[in-house]
Amino acid sequence: MLNRLIDWSVTNRLLVAIGLLVLVVSAFFVVPKLNLDAFPDVTNIQVSINTEAPGLAAEEVEQLITFPIEAVMYALPDVEEVRSISKTGLSGITVVFREGTDIYFARQLVFQ
Numbered sequence: 026m027l028n029r030l031i032d033w034s035v036t037n038r039l040l041v042a043i044g045l046l047v048l049v050v051s052a053f054f055v056v057p058k059l060n061l062d063a064f065p066d067v068t069n070i071q072v073s074i075n076t077e078a079p080g081l082a083a084e085e086v087e088q089l090i091t092f093p094i095e096a097v098m099y100a101l102p103d104v105e106e107v108r109s110i111s112k113t114g115l116s117g118i119t120v121v122f123r124e125g126t127d128i129y130f131a132r133q134l135v136f137q
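Residue numbers for the sequence shown follow my numbering, so the first one is 26 and each next one is one higher.
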């Protein structure tokens, strides 16, 4: 198979040269438009909600603050995951949205 490709390329040198020229010229137009980052952003779309509740135990924070907020966050569109942690006097909830969701749209949904 490879021998046939080499034979065809040798006998049709002009076609191979024209194809290579088209490839190189098109690369000059395409390469400047490419988005290249040294360290691309691979994080998902997350919105964090941190709530302070001074004087409440971890169980009370979970029952009175974390669970109600989680229930509302699960009802939002494009929500992929909701993670939470409850400590004494502090509730932390992270809402993860699907890839492609606009971060500002996600924040607006959470802030409503």
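C-beta atoms are modelled at their ideal positions from N, C-alpha and C, and glycine is treated no differently.
CB of residue i within 8 Å of CB of residue j, strictly
i: VAL107; j: ILE90; result: no
Close-in-space but distant-in-sequence residues of the same chain around residue i (CB under 7 Å, 5 per side omitted)
i: ILE94; result: ILE74, ILE118
i: GLU77; result: GLY114, LEU115
i: PHE122; result: ILE70, ASP103, VAL104, GLU105, ALA131
Straight-line Cα distance separating residue j from residue i
i: ASN37; j: GLN71; result: 56 Å
i: LEU59; j: SER51; result: 13 Å
i: PRO102; j: LEU61; result: 31 Å
i: PHE136; j: SER109; result: 17 Å
i: GLY44; j: GLY125; result: 37 Å
Continuous beta strand (DSSP E) stretch holding residue i: start and end
i: LEU115; result: 115–122
Those residues which DSSP pairs with residue i across a bridge
i: ASN75; result: GLY117
Boundaries of the alpha helix (DSSP H) in which residue i is found, first to last residue
i: GLU95; result: 92–99
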